[in-house]
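Engineer: Under this note's numbering, the first residue of the sequence shown carries the number 78, and numbering increases by one thereafter.
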Amino acid sequence: MTDQAHDPIDIAAEAAKAPPVPGRLLDHLEEIVSYVESAKSMPLSSNVVVSREELLGRLSDLQRELPEELRAARWMIRERESFVGRTNEKARETVARAEAKAAELVANSSIVAEATEEANVLTRNAEAESRHIRLQAEDYAEARLSEAETILGEMLDELRAARAKLHESRPAAPQVPVSE
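1. Within the chosen definition, does the region 121 to 134 reach the region 228 to 235 through at least 3 CB pairs nearer than 8 Å?
2. Pick helix, strand or coil for residue 115, following the three-state DSSP scheme.
3. If you reduce the DSSP assignment to three classes, tell me which class residue 125 lands in.
4. Give me the Cα-Cα distance between residue 108 and residue 135, rounded to the nearest whole angstrom.
5. For the alpha helix (DSSP H) containing residue 207, list its first residue and its last residue.
6. CB residue 214 to CB residue 164, shorter than 8 Å?
7. On the three-state DSSP scale, how would you describe residue 256?
8. Are there three or more Cβ pairs, one per stretch, closer than 8 Å when the region 241 to 254 is compared with the region 117 to 127?
9. Using the Cβ count rule (16 or more neighbours within 10 Å means buried), how would you classify residue 221?
10. With the cut-off set at 8 Å, would you say residue 150 and residue 225 are in Cβ contact?
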């Protein structure tokens with residue numbers, strides 16, 4: 078049996094492989110809000126005059142960026158699943174090494190009880206390490222997904238606020254007197 082070097086999973090190294098969260102949605106939302114806030118006011122009204130083409134262009138940019146944010150969130154989920162899979166594989170390898178070592182000890186030892194006890198200790202240690210690695214992976218994935226959820230929630234709130242502000246600033250239809 079060859080003695081393989083045990084390389085623990087480095088969560089920080091795994092995090093470094095993650096793509097940056099695009100974040101352009103917040104920029105687009107801020108641009109839209111700034112655009113509406115700086116628009117020329119209608120006299121004696123809280124309404125503002127905005128260029129439909131300009132506002133639709135900015136909303137279109139926002140709409141184009143949204144799929145990228147969603148792809149980033151889906152990527153995080155896939156990475157979590159991959160990370161957990163690799164972690165489980167490392168745990169299985171550790172258990173297999175422990176079992177192989179236990180079998181070797183039993184075969185080579187005249188004292189079977191000592192070999193059995195050592196094998197049990199190795200197996201328990203391997204299982205404990207496996208649980209620890211799995212919990213770290215799940216905590217890491219939970220943190221990343223929570224961040225993505227928070228970002229997407231904030232963006233959705235800002236988008237709703239921008240739309241509400243846009244609807245508030247829309248001029249009312251002119252009142253045309255009905256003649257008989």
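All C-beta atoms, glycine included, are put in the ideal place defined by N, C-alpha and C.
Structural biologist: Checking against the coordinates, here is how it stands:
1. no
2. coil
3. strand
4. 8 Å
5. 189 to 246
6. yes
7. coil
8. yes
9. buried
10. yes
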